[in-house]
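Take a look at the structure below.
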Amino acid sequence: MTRLLSAALCLVALPAFADTFEQVKVAAGQSLFEAECRRCHATDSSDPSYGPPLENVLYRAAGSVADYDYSIALEASGIVWTPAALRAWMEDNDGFMPGTKMRHVGIEDRTVQDFILAYLTSISPQDNRAIQK
Ligand code: HEC
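Using mature numbering (1 follows the signal peptide of the UniProt record, and there is no 0), the letters of the sequence shown correspond one by one to residues -18 to -1, 1 to 115.
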């Protein structure tokens, strides 16, 4: 009976735990982003940055920030920043897209990619998929 009760309690607690887990991932991703990406990327589009701002980057068309001087390779790529494309980019951006002017970052650890993706998702409140339809 006790076991049944704790199993039931566990189920009730699960959504809260999932939220906490997501928050931890976002926080870890933010620290990793600060260390690996922030020196070139603003998260607020109104801040100056060497690379394009990454606010709302999830499902955004590549090379689409107005006024940013992209490489021809990125601008002409025709890709959309899906989670899979962002992973490939973090892992080997210049291999994934020869001709890009972003310096190689080489984040191969999938967990690190997961965290950075969680953070990038958290700074992408705009539903870019709805806009592209
Ligand atoms: C040394 C500077 C630098 C660092 C560090 C850097 N980037 Fe970039 N990033 C750039 C530049 C420059 C571009 C534009 C590339 C082009 O036009 O070919 C870019 C482009 C991008 C784009 C394409 C955005 C768009 O509007 O299409 C994404 C996504 C991106 N970077 C993610 C990241 C992530 C995630 C990290 C950290 C893991 C990171 N970058 C680290 C300089 C940097």
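We put the beta carbon where it would ideally sit given N, CA and C, even for glycine.
Candidates 53, 50, 38, 7: closest to residue 95 by CA position: Counted from its first residue, the sequence shown places residue 95 at position 113. The candidate whose alpha carbon is nearest that of residue 95 is 7.
I think residue 60 touches residue 73, with their Cβ atoms under 8 Å apart; what is that distance to the nearest whole Å? Here residue 60 refers to the residue found at position 78 when the sequence shown is read from its first residue. Here residue 73 refers to the residue found at position 91 when the sequence shown is read from its first residue. Contact doesn't hold; Cβ gap of about 20 Å is too wide.
What number of angstroms, rounded off, separates the C-alpha of residue 47 from the C-alpha of residue 1? The sequence position of residue 47 within the sequence shown is 65, counting from 1. The sequence position of residue 1 within the sequence shown is 19, counting from 1. One C-alpha to the other measures close to 31 Å.
Would you kindly check if the distance between the Cβ of residue 19 and the Cβ of residue 32 is under 7 Å? Sequence index remark: in the sequence shown, residue 32 carries index 50 (1-based). Sequence index remark: in the sequence shown, residue 19 carries index 37 (1-based). Not a contact, by the Cβ cut-off of 7 Å.
For residue 40 and residue 63, believed in contact at Cβ under 8 Å, the rounded distance: Residue 63 sits at position 81 when you count from the first residue of the sequence shown. Residue 40 sits at position 58 when you count from the first residue of the sequence shown. 6 Å between Cβ atoms; contact.
Span of the alpha helix (DSSP H) holding residue 93? Numbered from 1 along the sequence shown, position 111 holds the residue referred to as residue 93. 92 to 104 is the extent of the alpha helix (DSSP H) around residue 93.
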